[in-house]
Amino acid sequence: MLYKTHVTVTYATVLPLMASSGNVTVGNLFALGLGSVLPDIDHPKSYIGNRSGGVSHGVSMVFGHRGLAHSIAGAAFFLLAVRALLSFFQLPAEWADWFIVGYIAHLIEDSFSKTGVAWLQPLNNKRIQFGFKRIYYTTGKLAETIIFLLACGGVIYHLSNIL
Numbered sequence: 063m064l065y066k067t068h069v070t071v072t073y074a075t076v077l078p079l080m081a082s083s084g085n086v087t088v089g090n091l092f093a094l095g096l097g098s099v100l101p102d103i104d105h106p107k108s109y110i111g112n113r114s115g116g117v118s119h120g121v122s123m124v125f126g127h128r129g130l131a132h133s134i135a136g137a138a139f140f141l142l143a144v145r146a147l148l149s150f151f152q153l154p155a156e157w158a159d160w161f162i163v164g165y166i167a168h169l170i171e172d173s174f175s176k177t178g179v180a181w182l183q184p185l186n187n188k189r190i191q192f193g194f195k196r197i198y199y200t201t202g203k204l205a206e207t208i209i210f211l212l213a214c215g216g217v218i219y220h221l222s223n224i225l
């Protein structure tokens, strides 16, 4: 899934939760958006990979795309790293909560791709595809475009109710 689809689908699905809990802030929205793209740090040509100053190449060489960064272990690592950074810079701890919601949303979204996600790496490399190999999208193809457009509609709808 392209970064714009990840961000849009994540916002479309999480904005109602964020709004109902009274947590729609610029910081929380940024954290959610960052979490929704960060798992692709393992792909040098991804949106985040292109902006990582070479970090993505190292992650990709060691773990591969949809490797450890696309697993529960990767999510735990990044959650701890984000919590430490927020604490060090004395920034709101709740940003880490929205970051991990975005991160997990990315993994769920990728689990509907044709190849799925190996959630249990490094313990198990078996990829899980949530659509049972019958319902899936392929990155950049028509199904993803439809998902993106529907998610755009969802974001607009939710924002019109929030604002």
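Under my numbering, think of the first position of the sequence shown as 63, with each following residue one higher.
Idealized CB from N, CA, C, for every residue including glycine.
Predicted model, so just to flag it, every value in this text is computed and none were measured.
Cβ-based neighbour list, residue i, same chain, cut-off 8 angstroms, excluding 5 preceding and 5 following
{"i": "N187", "result": "A180"}
{"i": "I197", "result": "F174"}
{"i": "G95", "result": "V69, T72, Y73, G164"}
{"i": "D172", "result": "M63, P101, R128, H132, G178, V179"}
{"i": "T201", "result": "M63, L64, S175"}
{"i": "V217", "result": "T70, Y73, A74, L77"}
N- and C-terminal bounds of the alpha helix (DSSP H) containing residue i
{"i": "I208", "result": "204-224"}
{"i": "P78", "result": "65-82"}
Own chain residues within Cβ distance below 6 angstroms of residue i, not counting five before or after
{"i": "Q191", "result": "G178"}
{"i": "H168", "result": "H68, S98, P101"}
{"i": "I208", "result": "none"}
{"i": "A93", "result": "W157, W160, F161"}
{"i": "H119", "result": "P106"}
Cβ-based neighbour list, residue i, same chain, cut-off 7 angstroms, excluding 5 preceding and 5 following
{"i": "I285", "result": "Residue numbering for the chain in the displayed model covers 63 to 225; residue 285 lies beyond these limits and cannot be assessed."}
{"i": "F210", "result": "K66, T67, T70"}
{"i": "V144", "result": "A158, F161"}
{"i": "C214", "result": "T70"}
Helix, strand or coil at residue i [DSSP, three-state]
{"i": "S108", "result": "coil"}
{"i": "I197", "result": "coil"}
{"i": "V86", "result": "coil"}
Quiz item: Does the count of Cβ pairs from the segment 90-104 and the segment 121-129 closer than 8 angstroms reach three?
Solution: yes
Exercise. Scan the segment 126-180 and note each continuous beta strand (DSSP E) run of 3 residues or more that stays entirely inside, going in chain order.
Key: none
Exercise. Mind the definition here: the segment 80-95 touches the segment 155-164 only if three or more C-beta pairs lie below 8 angstroms; say whether that holds.
Key: Yes, they touch.
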